[in-house]
Amino acid sequence: QKEVEQDPGPLSVPEGAIVSLNCTYSNSAFQYFMWYRQYSRKGPELLMYTYSSGNKEDGRFTAQVDKSSKYISLFIRDSQPSDSATYLCAMGPGGNAGNMLTFGGGTRLMVKP
Amino acid sequence: DTEVTQTPKHLVMGMTNKKSLKCEQHMGHRAMYWYKQKAKKPPELMFVYSYEKLSINESVPSRFSPECPNSSLLNLHLHALQPEDSALYLCASSPLSRAGEVNEQFFGPGTRLTVL
Numbered sequence: 000q001k002e003v004e005q006d007p008g009p010l011s012v013p014e015g016a017i018v019s020l021n022c023t024y025s026n027s028a029f030q031y032f033m034w035y036r037q038y039s040r041k042g043p044e045l046l047m048y049t050y051s052s053g054n055k056e057d058g059r060f061t062a063q064v065d066k067s068s069k070y071i072s073l074f075i076r077d078s079q080p081s082d083s084a085t086y087l088c089a090m091g092p093g094g095n096a097g098n099m100l101t102f103g104g105g106t107r108l109m110v111k112p
Numbered sequence: 674d675t676e677v678t679q680t681p682k683h684l685v686m687g688m689t690n691k692k693s694l695k696c697e698q699h700m701g702h703r704a705m706y707w708y709k710q711k712a713k714k715p716p717e718l719m720f721v722y723s724y725e726k727l728s729i730n731e732s733v734p735s736r737f738s739p740e741c742p743n744s745s746l747l748n749l750h751l752h753a754l755q756p757e758d759s760a761l762y763l764c765a766s767s768p769l770s771r772a773g774e775v776n777e778q779f780f781g782p783g784t785r786l787t788v789l
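Residue numbers (our numbering), protein chains in the order written: chain A, 0 to 112; chain B, 674 to 789.
See below:
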């Protein structure tokens with residue numbers, strides 16, 4: 000079993016839809032959670048960063064963390080064709096492991112006009 | 674300046690060539706990383722530098738040799754690569770974490786490497 004599981008998709012939605020992207024993890028040491036967006040043949044771009052259970056909102060994006068269930072989500076409201084990309088969750092344990100991140104496999108999202 | 678830059682964007686090399694990838698950031702970050710990413714896969718960590726010293730080497734073959742000349746620059750020297758080393762090579766940087774923290778990593782656009 001992988002430490003971080005993420006449905007690879009592709010997930011296809013119409014423009015304006017609310018998108019829900021999810022990751023589950025097995026390592027209870029993970030304390031810090033990030034979401035990256037990666038366009039084809041480009042580097043990952045940091046979207047959201049959080050370290051506590053609950054919700055964090057930034058514009059059209061909301062990151063949700065449930066440490067008790069080991070489950071994180073990224074919601075995208077009013078999705079746009081420009082949101083079409085691969086979304087990667089990443090997480091780290093903190094402590095002496097510092098900046099070691101474990102990535103999910105990525106979910107490919109397609110938003111159709 | 675809030676970005677990580679990488680050169681070259683694309684590189685094609687033969688198995689006997691020696692080449693270098695370069696990465697630069699001016700955000701004052703003291704941790705820098707090299708990742709390898711194959712198509713439709715997540716990035717795989719190769720090396721981590723903290724305060725210009727190599728702190729993590731994820732059992733990477735010696736044909737990959739990292740170098741951190743100063744706090745803003747990170748190089749990856751390539752020699753005698755194999756075709757299976759063809760991938761997108763990503764550089765990232767982050768503020769150095771205090772104990773118990775993980776800081777967000779900022780990625781460059783990557784160098785697409787093809788080994789013939």
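Just so you know, even glycine gets a beta-carbon here, dropped at the ideal spot from N, CA and C.
Give me whichever residues DSSP pairs with residue i in a beta bridge.
i                  : result
Gln-63 of chain A  : A:Asn-54, A:Ser-72
His-752 of chain B : B:Lys-691
Glu-44 of chain A  : A:Arg-36
Met-686 of chain B : B:Val-788
Pro-739 of chain B : B:Leu-749
Asn-98 of chain A  : Answer is none; Asn-98 of chain A lacks a bridge partner.
Ala-760 of chain B : B:Leu-786
Gln-729 of chain B : The question names Gln, but residue 729 of chain B in the sequence shown is Ile. B:Val-721.
On a CA-only basis, which of the options is nearest residue i? Give me that one, please.
i                  : options                                    : result
Leu-100 of chain A : A:Met-109, A:Val-110, A:Lys-111, A:Leu-87  : A:Leu-87
His-750 of chain B : B:Leu-684, B:Lys-691, B:Met-686            : B:Lys-691
Gly-15 of chain A  : A:Ile-75, A:Glu-44, A:Arg-36               : A:Ile-75
Ser-766 of chain B : B:Asn-748, B:Pro-716, B:Met-705, B:Ser-744 : B:Met-705
Pro-117 of chain A : A:Gln-79, A:Gly-105, A:Thr-106             : Outside the displayed span of chain A (0 to 112) sits residue 117 of chain A, for which this structure offers no information.
Leu-20 of chain A  : A:Val-64, A:Tyr-50, A:Pro-92               : A:Val-64
Met-33 of chain A  : A:Ser-67, A:Tyr-50, A:Arg-40, A:Ile-17     : A:Tyr-50
Gln-5 of chain A   : A:Ile-17, A:Pro-92, A:Tyr-35               : A:Tyr-35
Pro-7 of chain A   : B:Ala-712, B:His-752, B:Glu-731            : B:Ala-712
Ser-745 of chain B : B:Arg-703, B:Met-686, B:Thr-680            : B:Arg-703
Asn-743 of chain B : B:Gly-781, B:Thr-689, B:Gly-701            : B:Gly-701
Ser-759 of chain B : B:Gln-679, B:Gly-687, B:Thr-680            : B:Gly-687
Flag this pair as yes or no: are the beta carbons of residue i and residue j separated by less than 8 Å?
i                  : j                  : result
Gly-29 of chain A  : Met-47 of chain A  : One detail in the question is off: residue 29 of chain A reads as Phe in this sequence, not Gly. No, they are not a contact pair.
Ser-723 of chain B : Leu-769 of chain B : yes
Leu-763 of chain B : Gly-42 of chain A  : yes
Val-9 of chain A   : Met-90 of chain A  : Reading off the sequence, residue 9 of chain A comes out as Pro, not Val. It is not a contact, given that the beta carbons lie outside the stated cut-off.
Cys-696 of chain B : Val-677 of chain B : yes
Gln-0 of chain A   : Ser-25 of chain A  : yes
Ala-84 of chain A  : Leu-73 of chain A  : no
Leu-754 of chain B : Gly-783 of chain B : no
Lys-710 of chain B : Asn-98 of chain A  : The question names Lys, yet the displayed sequence has Gln at residue 710 of chain B. Contact flag unset, no.
Leu-684 of chain B : Leu-786 of chain B : yes
Leu-727 of chain B : Pro-739 of chain B : yes
Pro-756 of chain B : Val-788 of chain B : yes
Ser-52 of chain A  : Lys-69 of chain A  : no
Leu-718 of chain B : Tyr-708 of chain B : yes
Check for me: the beta strand (DSSP E) holding residue i runs from which residue to which?
i                  : result
Met-719 of chain B : 717 to 723
Gln-679 of chain B : 677 to 680
Ala-84 of chain A  : 84 to 91
Pro-7 of chain A   : Element bounds for Pro-7 of chain A: n/a, residue is neither H nor E.
Asn-26 of chain A  : Element bounds for Asn-26 of chain A: n/a, residue is neither H nor E.
Leu-108 of chain A : 106 to 111
Ser-81 of chain A  : First-last for Ser-81 of chain A: undefined, no H or E at that position.
Lys-709 of chain B : 704 to 710
Does the beta-carbon of residue i, which I'm using as the reference point, lie nearer than 7 Å to any heavy atom of the ligand PLP?
i                  : result
Tyr-722 of chain B : Ligands are entirely absent from the displayed structure, and the ligand PLP is therefore not among its contents.
May I ask you to list, following chain order, the residues of the stretch 715 to 738 of chain B that have a beta carbon less than 9 Å from some beta carbon of chain A? Cβ proximity to chain A below 9 Å picks out Pro-715, Pro-716, Glu-717, Leu-718, Val-721, Ser-723, Ser-728, Ile-729 from the stretch 715 to 738 of chain B.
Could you name the residues of the stretch 75 to 87 of chain A whose beta carbon sits closer than 9 Å to any beta carbon of chain B, in the order they occur along the chain? Per Cβ criterion, the list reads Thr-85, Leu-87.
Please identify, using Cβ separations under 8 Å, the residues of the stretch 26 to 37 of chain A that lie next to chain B, in order along the chain. Cβ contacts with chain B: Gln-30, Tyr-31, Met-33, Tyr-35.
Near-chain B residues of the stretch 41 to 59 of chain A - C-beta to any C-beta below 8 Å: Residues are counted here when their Cβ sits less than 8 Å from a Cβ of chain B; for the stretch 41 to 59 of chain A these are Lys-41, Gly-42, Pro-43, Glu-44, Leu-45, Tyr-48, Tyr-50, given in chain order.
Along the stretch 5 to 16 of chain A, where does the CB come closer than 9 Å to a CB of chain B? Name the residues. Residues Gln-5, Pro-7.
Of all the residues that make up the stretch 774 to 786 of chain B, which are near chain A by a beta-carbon distance shorter than 9 Å? So the close ones are Glu-774, Val-775, Asn-776, Glu-777, Gln-778, Phe-779, Phe-780, Gly-781, Pro-782, Gly-783, Arg-785.
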